[in-house]
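For the sequence shown, my numbering gives the first residue as 2, with consecutive numbering after it.
Report on the structure given below.
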Amino acid sequence: INNVGTTIRKATVEFTAEDFSFLMATNFESAYNLCQLAHPLLKASGAASIVLMSSVCGVVSVVDVGSISGATKGAMNHLARILACEWAQDNIRTNSVTPWFVATPLTES
Numbered sequence: 002i003n004n005v006g007t008t009i010r011k012a013t014v015e016f017t018a019e020d021f022s023f024l025m026a027t028n029f030e031s032a033y034n035l036c037q038l039a040h041p042l043l044k045a046s047g048a049a050s051i052v053l054m055s056s057v058c059g060v061v062s063v064v065d066v067g068s069i070s071g072a073t074k075g076a077m078n079h080l081a082r083i084l085a086c087e088w089a090q091d092n093i094r095t096n097s098v099t100p101w102f103v104a105t106p107l108t109e110s
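Structure representation (structure tokens):
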């Protein structure tokens, strides 16, 4: 289960290159890299599952979340679909879950 994510709430024109890199690395690249690293172990197990914890903002437009966060979660959802097809032959199921916000100090601010 991959359960990582953060957001920076800004208008699209206010994001910096550093904001973009940070959100892509945290929300998408970490999930991608973990899946890639885990593949040999999951394949060797004979039957495995990957669950990517995404967000509703990766499915529908949630304006106050920030465009980059939504894009990273959309990429995660698409990664789950691609891996589900690509790794089915290895008996690895892959899904994404898209909950709404979970109440934490980050989402309260």
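Beta carbons are placed, not taken as given, at the ideal position from N, Cα and C, and that holds for glycine.
Uninterrupted beta strand (DSSP E) stretches inside the region 80-105 (no shorter than 3 residues): Listed in chain order, the complete beta strand (DSSP E) runs (minimum 3 residues) inside the region 80-105 are 93-98.
Neighbour-count burial assignment, residue 86, 16 or more Cβ in a 10 Å radius: To locate residue 86, count along the sequence shown from 1; it is residue 85. By the 10 Å Cβ count, residue 86 comes out exposed.
Three-way DSSP call (helix, strand, coil) for residue 9 in this model: Start at 1 with the first residue of the sequence shown, and residue 9 comes out as number 8. In this structure, residue 9 counts as coil in the three-state DSSP scheme.
Length at least 4, wholly inside the region 11-77: the alpha helix (DSSP H) runs in chain order: Here the runs fully enclosed are 18-24 and 31-46.
Integer-rounded CB distance, given that residue 11 should sit under 8 Å from residue 67: One-based indexing of the sequence shown puts residue 67 at position 66. One-based indexing of the sequence shown puts residue 11 at position 10. For a cut-off of 8 Å, the C-beta gap from residue 67 to residue 11 is around 6 Å, short enough to register as a contact.
Close Cβ partners of residue 54 (< 8 Å) along its chain, the five nearest in sequence each way excluded: Numbered from its first residue, the sequence shown carries residue 54 at position 53. By the criterion of a C-beta distance shorter than 8 Å, residue 54 is surrounded in its chain by 2, 3, 4, 5, 6, 97, 98 and 100, once the five residues flanking it on both sides are discounted.
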